[in-house]
């Protein structure tokens, strides 16, 4: 008798839905999903509980995974000086802090995996990287786009990674000039590659040449 009542209720609910191919009603654990399809009897199935986060919301939250940090007056001066170096690209203060935070370990970035320790950004380091990137004939607008797409570049080693990788691209791949610039804007992470597993994974995929 109870089952008949449930079935009648489900049919009534299904009839009230117009032009809907399917509707899922999620309740507490376990979730009961009621699938309604036009001209098909309603079917009830049970599924384990699961938590779904909208991709946009997740991206927003992932950028906010920061660690509380207390800086000394000297460290604050160093941070502010690096902000000033970025001001030419017309970033907001929040964007400047985000770029520096991701580059130097104050904001979580999957790019570094577990290897990036917090380090107070230094003006000489940031300036050297920016000047080198400018020497590759990248415009200020190009640099702005590159920094927004790959802020971690400021935390990469200038000699061992940036300069070395440009040499590899030029000598081993024959990529230079405008073609090189287009590549850097499309895939700036190539500047920080420092591993080549040659197919035998070393669990450093975000910095591996195999991705190129």
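Residue numbers (the numbering used here): 1161 to 1372.
Here a beta-carbon is modelled for each residue, glycine too, at the ideal position from N, C-alpha and C.
Item to check | Closest by C-alpha distance to residue 1276, when choosing among 1291, 1287, 1312 | outcome: Among 1291, 1287, 1312, the Cα nearest to that of residue 1276 belongs to 1312.
Checklist entry - Do residue 1283 and residue 1293 have their C-beta atoms closer together than 8 Å? => result Going by C-beta atoms, residue 1283 is not nearer than 8 Å to residue 1293.
Checklist entry - Would you report the Cα separation of residue 1343 and residue 1247, rounded to the nearest angstrom? => result If I take the Cα positions, the gap works out to 25 Å.
Checklist entry - Are residue 1231 and residue 1280 closer than 8 Å when you measure CB to CB? => result Yes.
Checklist entry - Can you tell which of 1324, 1264, 1260, 1332 has the C-alpha that lies nearest to the C-alpha of residue 1352? => result Nearest Cα to residue 1352 within the set 1324, 1264, 1260, 1332: 1324.
Item to check | Same chain, Cβ closer than 8 Å to residue 1335, neighbours up to 5 away in sequence not counted | outcome: Counting only residues of its own chain and dropping the five nearest sequence neighbours on each side, residue 1335 has a CB closer than 8 Å to the CB of 1329, 1343.
Next on the checklist: Let's test the definition: count the other Cβ atoms within 10 Å of the Cβ of residue 1270 and tell me whether it reaches 16, buried, or not, exposed.
Outcome noted: In summary, residue 1270 is exposed, with fewer than 16 beta-carbon neighbours lying within 10 Å of its beta-carbon over all protein chains present.
Checklist entry - Is residue 1340 buried or exposed, if buried means 16 or more other CB atoms sit within 10 Å of its CB? => result Around the beta carbon of residue 1340, a 10 Å sphere encloses 16 or more other beta carbons of the protein chains shown; the residue is thus reported as buried.
Checklist entry - Which of helix, strand or coil does DSSP assign to residue 1353? => result Assigned with DSSP and collapsed to three states, residue 1353 falls in coil, not helix or strand.
Item to check | Pairwise C-alpha distance: residue 1299 and residue 1308 | outcome: If you draw a straight line from the Cα of residue 1308 to the Cα of residue 1299, it is about 14 Å long.
Checklist entry - For the putative contact between residue 1314 and residue 1259, defined by C-beta atoms under 8 Å, what is the C-beta separation to the nearest angstrom? => result Contact flag correct, Cβ pair sits at about 7 Å.
Checklist entry - Are the beta-carbon atoms belonging to residue 1310 and residue 1349 less than 8 Å from one another? => result A contact, by the Cβ cut-off of 8 Å.
Checklist entry - What residue does the alpha helix (DSSP H) around residue 1373 start on, and which one ends it? => result Because the chain here runs from 1161 to 1372, residue 1373 falls outside it and cannot be looked at.
Next on the checklist: Taking only three categories from DSSP, how would you classify residue 1235?
Outcome noted: Residue 1235 falls in the helix class under three-state DSSP.
Checklist entry - Applying the criterion that 16 or more other CB atoms from any shown protein chain within 10 Å of the CB defines a buried residue, is residue 1337 buried or exposed? => result Result: exposed.
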